[in-house]
Amino acid sequence: MSAIQPPAEIVWWKQPLDKVEGTWISIALVWSLIMFFMMPFWHIYGKQNLSSEAYRTTPQAYMAKTQAMVDQYTIRTETDAKLPVVRPPPGSDVYLLGRLWQWWPLLELEKGQTYRLHISSMDWQHGFSLQPVNINTQILPGYEMVLTITPDTSGEQTIICNEFCGIGHHNMLGKIYVTEGGQ
Amino acid sequence: MSKELYRTCPESGLQFHKQAEWLMRAHAVVAVVILLIGGIAALLVTLTRWPAIHLLPADRFYQLLTTHGVNMLIFWMITFEIAILYFCSSTLLKVRLATPKLAWGGLALMVVGIIINNLAVANGDASVMMTSYVPMPANPNFYLGLILFAVGALVGCFVFLGTLVIAKDEKTYEGSIPLVTFGALTACIIAVFTIASGAIVLVPTWLWSLGYINNIDAAMYRIVWWALGHSSQQINVAAHVAVWYAIAAIVFGARPLSEKVSRTAFFLYIAFLQLASAHHLLVDPGLSAEWKIFNTSYAMYLAVLASMVHGLTVPGSIEVAQRAKGYTNGLFQWLRKAPWGNPIFSGMFISLIGFGFLGGISGVVMGTEQINIIIHNTIYVPGHFHATVVIGSTLAFMSLTYFLIPTLFRKQVMFPGMAKLQPYFFGLGMSVFALAMMGAGTLGVERRHWDMAFTNAPLDFAYPASAFTMMGIMGVAGTVAIVGGAMYILVTVGSVFFGKPVGSESNYGFTTTRVLRADPIVVPEGGHEAAGKWGFAAPGTFLLAIFFLVTFVLYYAVNWKYLASVWPMS
Numbered sequence: 592m593s594a595i596q597p598p599a600e601i602v603w604w605k606q607p608l609d610k611v612e613g614t615w616i617s618i619a620l621v622w623s624l625i626m627f628f629m630m631p632f633w634h635i636y637g638k639q640n641l642s643s644e645a646y647r648t649t650p651q652a653y654m655a656k657t658q659a660m661v662d663q664y665t666i667r668t669e670t671d672a673k674l675p676v677v678r679p680p681p682g683s684d685v686y687l688l689g690r691l692w693q694w695w696p697l698l699e700l701e702k703g704q705t706y707r708l709h710i711s712s713m714d715w716q717h718g719f720s721l722q723p724v725n726i727n728t729q730i731l732p733g734y735e736m737v738l739t740i741t742p743d744t745s746g747e748q749t750i751i752c753n754e755f756c757g758i759g760h761h762n763m764l765g766k767i768y769v770t771e772g773g774q
Numbered sequence: 010m011s012k013e014l015y016r017t018c019p020e021s022g023l024q025f026h027k028q029a030e031w032l033m034r035a036h037a038v039v040a041v042v043i044l045l046i047g048g049i050a051a052l053l054v055t056l057t058r059w060p061a062i063h064l065l066p067a068d069r070f071y072q073l074l075t076t077h078g079v080n081m082l083i084f085w086m087i088t089f090e091i092a093i094l095y096f097c098s099s100t101l102l103k104v105r106l107a108t109p110k111l112a113w114g115g116l117a118l119m120v121v122g123i124i125i126n127n128l129a130v131a132n133g134d135a136s137v138m139m140t141s142y143v144p145m146p147a148n149p150n151f152y153l154g155l156i157l158f159a160v161g162a163l164v165g166c167f168v169f170l171g172t173l174v175i176a177k178d179e180k181t182y183e184g185s186i187p188l189v190t191f192g193a194l195t196a197c198i199i200a201v202f203t204i205a206s207g208a209i210v211l212v213p214t215w216l217w218s219l220g221y222i223n224n225i226d227a228a229m230y231r232i233v234w235w236a237l238g239h240s241s242q243q244i245n246v247a248a249h250v251a252v253w254y255a256i257a258a259i260v261f262g263a264r265p266l267s268e269k270v271s272r273t274a275f276f277l278y279i280a281f282l283q284l285a286s287a288h289h290l291l292v293d294p295g296l297s298a299e300w301k302i303f304n305t306s307y308a309m310y311l312a313v314l315a316s317m318v319h320g321l322t323v324p325g326s327i328e329v330a331q332r333a334k335g336y337t338n339g340l341f342q343w344l345r346k347a348p349w350g351n352p353i354f355s356g357m358f359i360s361l362i363g364f365g366f367l368g369g370i371s372g373v374v375m376g377t378e379q380i381n382i383i384i385h386n387t388i389y390v391p392g393h394f395h396a397t398v399v400i401g402s403t404l405a406f407m408s409l410t411y412f413l414i415p416t417l418f419r420k421q422v423m424f425p426g427m428a429k430l431q432p433y434f435f436g437l438g439m440s441v442f443a444l445a446m447m448g449a450g451t452l453g454v455e456r457r458h459w460d461m462a463f464t465n466a467p468l469d470f471a472y473p474a475s476a477f478t479m480m481g482i483m484g485v486a487g488t489v490a491i492v493g494g495a496m497y498i499l500v501t502v503g504s505v506f507f508g509k510p511v512g513s514e515s516n517y518g519f520t521t522t523r524v525l526r527a528d529p530i531v532v533p534e535g536g537h538e539a540a541g542k543w544g545f546a547a548p549g550t551f552l553l554a555i556f557f558l559v560t561f562v563l564y565y566a567v568n569w570k571y572l573a574s575v576w577p578m579s
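Heads up: the sequence lines are chains A and B, in that order. For what it's worth, this note's numbering labels the leading residue of the first sequence as 592, then goes sequentially. For what it's worth, this note's numbering labels the leading residue of the second sequence as 10, then goes sequentially.
What follows is the structure, given as structure tokens:
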């Protein structure tokens, strides 16, 4: 009886397992378990783990914190729109916000130093995609995500929005400049 | 059994309940019309993301990407699946379909929902992508159309369940339901879960869009929406695996290696597949690592294990059937001598290989909690799901169609030469397309994005030249796949509406439709193992499975290595 007909044996669940199936199931199960335990293993021994630290916030409260940082640590402005470039001290809390359609402010960090990078959205959902290093996270309005990051390559990184956020989505860019230590 | 109620297909021996037959035909026709709409959108979207062409302006691009996503991932799939549910219950169990009038009502609701949703998107104020993430607003009719469609589909699910009850009650079969029907039941159970999740998230969102609800939490929306969004793709997985088993039975008369293993694997889908909502939330704020690890791995990859089992047992059952027919030379004579010119088989086999090697491996890799950091929302993601949903589900459904044209629609297949080539154009084009997307995604290219060159952006960024090359390859291969899709629509619409009716057996076209009338497979002397090697009944399939595993392990390891190169974070 083929697979589109009822099983030939009424008591099909007592049929012995086929050898090729039994062997493969054992191998596949072992591999499944390896993949499962790889994730907690990386939490203990790996260096790239997303924190689960996050807070409820509002656009107004988050904007105020970001503005305070910008007022204190802006070192220059860029483009005709005079976008502030902020250089916060190593180890400090850094605030980045996504809004239609920009990442604000631009940041300058020091290589090898650790920062607490807060990110939130002022309006719709956005996607934080740092290129070319390739770090991607989801940014939601009302939630303040905190990533503890340590830039270990110097140079210019671009923040792209990779969650669709309306007609200006493809123009939504930001920057993180990473300088060598001591500059 | 009165003559008016049923007809028996003279070639296949299948018995069709006439009311069910018309319902299946109607669902299949609606599905193909949606496929055409989604396909036209696919062409325009592909030609826009192909950097050298960059066809559409931004607003049209986002609008048509929404049209493409909703029609293909929800409307085409589920409408065709309702036809499969009716086939697997009424036809395979030789029973009348429960409440045919209600079933027509369900289809009517689905069609009304499809029209309302598509009109909202066409109106231009619902270009919110299939996911319609709040708080980005859409025209309320966008959600209303989806809700009506879901209610109609739910009616179809209950008609299927009712038909199973009638068959059991009227004893139209002995023992257990066939494996393929069991697979359809799996799809139905997942569908009920999916539609319930859809109602929980879309009804409040609709009310929010009308102004009756003040706020929808973005994180809550994502968790519940993905119980709709991902689970609906799991309906497809269960349905297309059932179709694989059905085609192995139709073309080869194959029987499952063991009912117990295949059914347990389907049961694992029911038990664990719904956890996959987490795949989309791995880099969302605030969710704990424990929650992510448990859910993203379907407990402990138990649903992945189930797919790896089906990946062995489907070709394994074909190998056993072929060896019993005397194709016992070496490890792969059974495969070489398979009917590669028969699109029912070739499409199904490309679907199986593409789903496993491209869709399955990429899905598990990017669904690994930490590896998702380097993949989330890049174009790798659509690369993955075009391999699962398009190569896996759509191509399997297309293959089944070539069987349904003579048996269900009683028409000769028009343009048989084109039908033979169709799975190769579609399957291979789509494979290269998916691979190119995964390549571009690995280089960081984002999904749902109109301009990877950032021409009008206030700041500059340039992807490496290789990323543009990948997107060019994607454009070419995508166009080839769309040509394959157009061939499918030409053959099916041509056959169904303008084809010659099947008269004698000889004009059924493809030679392997003698489903229930074929000679049963004779067990070789010494059992099926004797026709195999190493004590295995299906040694060639086992070797293929090992090759699959090696590919899987290597690719998994490469991605961890890549992850280790990005900035440390905690």
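Yeah, the Cβ is synthetic: ideal placement off N, Cα and C, and Gly gets one too.
Item                                                                                                                        : Value
A/ILE767, DSSP secondary structure in three states                                                                          : strand
Chain B contact residues for A/SER643, given Cβ-Cβ distances below 7 Å                                                      : GLY295, LEU296, SER297 and ALA298
Proximal chain A residues relative to B/VAL189, where beta-carbon distance stays under 7 Å                                  : ALA594 and ILE595
For B/SER11, the three-state DSSP class (helix, strand or coil)                                                             : Caution is warranted here: a pLDDT of 49 is assigned to B/SER11, below 50, making its placement in the model unreliable, and the coordinate value is therefore given only provisionally. B/SER11 falls in the coil class under three-state DSSP.
Cβ-Cβ separation, B/SER316 to B/GLY369 (assumed contact under 8 Å), whole Å                                                 : 6 Å
Cα-Cα separation, B/MET479 to B/MET446                                                                                      : 7 Å
Best match in B/ALA51, B/GLU13 and B/GLU90 for proximity to B/ARG34 [C-alpha to C-alpha]                                    : B/GLU90
C-beta atoms of B/LEU340 and B/LYS509 nearer than 8 Å                                                                       : no
Three-state secondary structure assigned by DSSP to A/TRP694                                                                : strand
Beta-ladder partner(s) of A/ILE730, from DSSP                                                                               : A/HIS717
Where the segment 384-414 of chain B meets chain A: residues whose CB sits under 8 Å from a CB there                        : ILE384, HIS385, ASN386 and THR387
Inter-stretch contact (C-beta, 8 Å, three-pair minimum) for the segment 474-488 of chain B and the segment 56-67 of chain B : yes
Alpha-carbon spacing of B/VAL121 relative to B/GLY154, whole angstroms                                                      : 7 Å
Chain B contact for A/PHE755 (CB, 8 Å cutoff)                                                                               : yes
Partner residues on chain B for A/ASP684, Cβ-Cβ distance less than 8 Å                                                      : In chain order: nothing, as chain B lies at least about 15 Å away.
Contacting residues, own chain, Cβ-Cβ under 8 Å from B/ASP469 (five flanking each side not counted)                         : PHE463
is_contact[B/ASP460, chain A] using C-beta, thresh 8 Å                                                                      : yes
Residue of B/VAL39, B/VAL212 and B/GLY325 minimising C-alpha distance to B/TYR230                                           : B/VAL212
Chain A contacts from the segment 39-71 of chain B (Cβ-Cβ distance under 8 Å)                                               : ALA67, ASP68 and TYR71
Whole-Å CB distance - B/VAL252 paired with A/ILE595, under 8 Å assumed                                                      : The pair is not a contact, with the Cβ atoms about 11 Å apart (cut-off 8 Å).
Short Cβ contact (8 Å threshold) for B/ASN127 with B/THR76                                                                  : yes
Where B/CYS166 sits in the DSSP three-state scheme                                                                          : helix
Helix, strand or coil at B/LYS420 according to DSSP, with G and I counted as helix                                          : strand
B/ASP528 (DSSP reduced to helix, strand or coil)                                                                            : coil
Chain B within 8 Å of A/LEU700, Cβ atoms only                                                                               : no
Inter-residue Cα distance where the pair is A/THR681 and B/ASN386                                                           : Residue identity check: residue 681 of chain A is Pro in the sequence provided, not Thr. So the two alpha carbons sit approximately 30 Å from each other.
For B/THR172 and B/ALA197, the rounded distance between their alpha carbons                                                 : Checking the sequence shown, residue 197 of chain B turns out to be Cys, not Ala. The straight-line gap from Cα to Cα measures roughly 12 Å.
Partners in chain A for B/ARG264, counting only beta-carbon separations shorter than 9 Å                                    : MET592, SER593, ALA594, GLN596, PRO598 and ALA599
Residue range of the unbroken alpha helix (DSSP H) whose run includes B/TYR565                                              : 548-573
Burial state of B/ASN80 (16 or more Cβ within 10 Å)                                                                         : buried
N-terminal and C-terminal residue of the beta strand (DSSP E) that A/CYS752 is part of                                      : 746-752
A/GLY565 versus B/HIS26: straight-line alpha-carbon distance, rounded                                                       : Residue 565 of chain A lies beyond the stretch modelled for chain A, which goes from 592 to 774, so this question has no answer here.
C-alpha distance - A/GLY733 paired with B/PHE151, whole-angstrom precision                                                  : 25 Å
Test: A/PRO732 CB closer than 8 Å to a CB of chain B                                                                        : yes
Endpoints, the beta strand (DSSP E) within which B/PRO146 is located                                                        : Per DSSP, B/PRO146 belongs to no beta strand (DSSP E) and is neither H nor E.
9 Å Cβ cut-off: residues of chain B touching A/THR670                                                                       : PRO467 and LEU468
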